[in-house]
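Heads up: the sequence shown at position 211 corresponds to 238 in my numbering, and the numbers run straight through without jumps.
We put the beta carbon where it would ideally sit given N, CA and C, even for glycine.
These figures come from a predicted structure and were not determined experimentally.
Right, one structure below, let's go through it.
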Amino acid sequence: MRHSSTQQLHAYWLRQRGGSPAPLRRAIEPAPIASVLGDMFILGVSEPDTSLFRLAGTRLCANLGRELTGTNFLSLWRGADRDGIGTVLHKITRDAAAAVLDITGQTERGNTLAAEMLLLPVSQNGQHIDRVLGLLAPLERPYWLGLHAIPHLEAATGLRWLQQDETPSARPSRTDRPLAMTSPPPMRQTTVSSPPHPTGRRHQHLVVLDGGRD
Numbered sequence: 028m029r030h031s032s033t034q035q036l037h038a039y040w041l042r043q044r045g046g047s048p049a050p051l052r053r054a055i056e057p058a059p060i061a062s063v064l065g066d067m068f069i070l071g072v073s074e075p076d077t078s079l080f081r082l083a084g085t086r087l088c089a090n091l092g093r094e095l096t097g098t099n100f101l102s103l104w105r106g107a108d109r110d111g112i113g114t115v116l117h118k119i120t121r122d123a124a125a126a127v128l129d130i131t132g133q134t135e136r137g138n139t140l141a142a143e144m145l146l147l148p149v150s151q152n153g154q155h156i157d158r159v160l161g162l163l164a165p166l167e168r169p170y171w172l173g174l175h176a177i178p179h180l181e182a183a184t185g186l187r188w189l190q191q192d193e194t195p196s197a198r199p200s201r202t203d204r205p206l207a208m209t210s211p212p213p214m215r216q217t218t219v220s221s222p223p224h225p226t227g228r229r230h231q232h233l234v235v236l237d238g239g240r241d
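Laid out in structure tokens, this is it:
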């Protein structure tokens with residue numbers, strides 16, 4: 028992870044998770060992560076093709092140029108990116124996996140924003156994953172951010188699954204290759220996860236590769 032905000036939220040999630048695959052929703056308290064609340068969001072992921080923003084930080088909404096609460100997270104993405112992000116959310120809810128993505132967004136005026144997105148599993152009742160805790164951290168804050176809307180996001184440069192016991196650390200500045208969707212690391216058997224599928228496959232322009240991290 029490159030951004031201090033994603034590192035901070037991931038470290039907090041690890042502490043609240045304890046020995047479980049994912050923390051309970053009620054364990055996520057705003058006070059310890061107050062400095063990153065503006066960039067955070069929580070998704071409800073009970074429906075396969077709909078992941079609604081249940082909460083969306085004010086800075087996140089301002090950066091994208093609209094209120095997000097109650098809207099579909101997948102509507103931020105188009106075409107193959109939308110399908111790919113849907114697959115990522117499915118793996119998070121199925122395997123209690125955690126992911127960090129390099130993404131970009133562009134305004135209608137052609138201004139481009141580079142950002143890092145963190146997606147973490149959360150459980151309402153401890154039996155299955157039905158929430159995703161996320162954060163969108165711009166890697167820089169240009170003067171136009173918040174003035175001009177960013178209608179869609181693109182996941183075009185990389186995805187990395189995080190090990191269950193991985194501690195936050197700085198990563199290389201970028202990966203210059205198409206988004207490679209690798210299966211999350213093997214998980215221990217729990218009521219909220221199942222082992223990842225052992226074979227790789229191609230998902231439109233995204234390559235699904237089994238096992239490991241980039």
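Using the beta-carbon count (16 or more within 10 Å), is residue i buried or exposed?
i    : result
A142 : buried
D122 : buried
S62  : exposed
P169 : exposed
A49  : buried
L103 : buried
Q43  : buried
G132 : buried
Q34  : buried
G20  : Not covered by the structure: residue 20. The range shown for the chain is 28 to 241.
R187 : buried
A164 : buried
S150 : buried
Between the C-alpha atoms of residue i and residue j, what's the straight-line distance to the nearest angstrom?
i    : j    : result
S128 : L189 : Here the sequence assigns Leu to residue 128, which means Ser is not the residue at that position. If I take the Cα positions, the gap works out to 11 Å.
L36  : I60  : 7 Å
W171 : L91  : 11 Å
R53  : D110 : 30 Å
W40  : T114 : 22 Å
H30  : K118 : 23 Å
R158 : S78  : 9 Å
G137 : D108 : 19 Å
P178 : L140 : 12 Å
L116 : H175 : 28 Å
M67  : S47  : 22 Å
H155 : P57  : 23 Å
R93  : I55  : 25 Å
Q191 : S32  : 19 Å
G45  : N99  : 30 Å
T85  : D76  : 25 Å
E74  : I112 : 14 Å
So residue i packs on residue j, CB below 8 Å; how close in whole Å?
i    : j    : result
L95  : G65  : Their Cβ separation, rounded to whole angstroms, is 12 Å, which puts L95 and G65 out of contact at 8 Å.
T120 : V72  : 5 Å
G97  : F80  : 6 Å
I130 : L180 : 5 Å
Within this structure, are the beta carbons of residue i and residue j separated by less than 8 Å?
i    : j    : result
M144 : L162 : yes
A126 : L146 : yes
G153 : L51  : yes
G173 : A89  : yes
P148 : A124 : yes
message: For a minimum of 3 consecutive residues, which ranges assigned as the beta strand (DSSP E) are wholly contained in the stretch 132 to 168?
response: The qualifying runs are 139 to 149, 158 to 165.
task: List in chain order: all unbroken alpha helix (DSSP H) runs of 4+ residues lying wholly within the stretch 66 to 111.
output: 85 to 91
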